[in-house]
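Numbering (full-length UniProt numbering), first residue to last: 1 to 134.
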């Protein structure tokens, strides 16, 4: 397990939430604190990661080290996009490698890799009008 601090991003700061995220199985579990993961507390919310999920990395500002990872899913016919902001390109690269490995595992096995556990601290903002399902 690894973690990294995040910088406050532009826009409405109240719309951003600090989360500690863990990719395991077919879900990205998001907790308010790292201690919640270790204490087996129910996640604050969960994002499905499946073969229909679209994930892309983008730079918020070419002059800044901050990068975004956008995760898009269909919920009830509506697209919901979650944006994770990482502090560095290295963090973004590590997460993208974890997602690539996850999708590779899903393509190779009927059950996705249950042993893959990758985590870090990130800020999340929601865009889209559909409510997030747990």
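Where is the CB? At the ideal position from N, CA and C, for every residue including glycine. Please read these numbers as outputs of a predicted model, since none were measured by experiment.
Scanning the UniProt domain "PH" (6 to 98) for uninterrupted alpha helix (DSSP H) segments of 4 residues or longer gives 34 to 38, listed from N- to C-terminal end. 7 angstroms or more divides the Cβ of residue 20 from the Cβ of residue 41. In terms of Cβ geometry, residue 96 and residue 39 do not form a close pair [threshold 7 angstroms]. Inter-residue distance for residue 53 and residue 46 is about 13 angstroms (C-alpha atoms, whole angstroms).
In this structure, residue 69 and residue 55 form a Cβ contact; the two beta carbons are roughly 7 angstroms apart against a cut-off of 8 angstroms.
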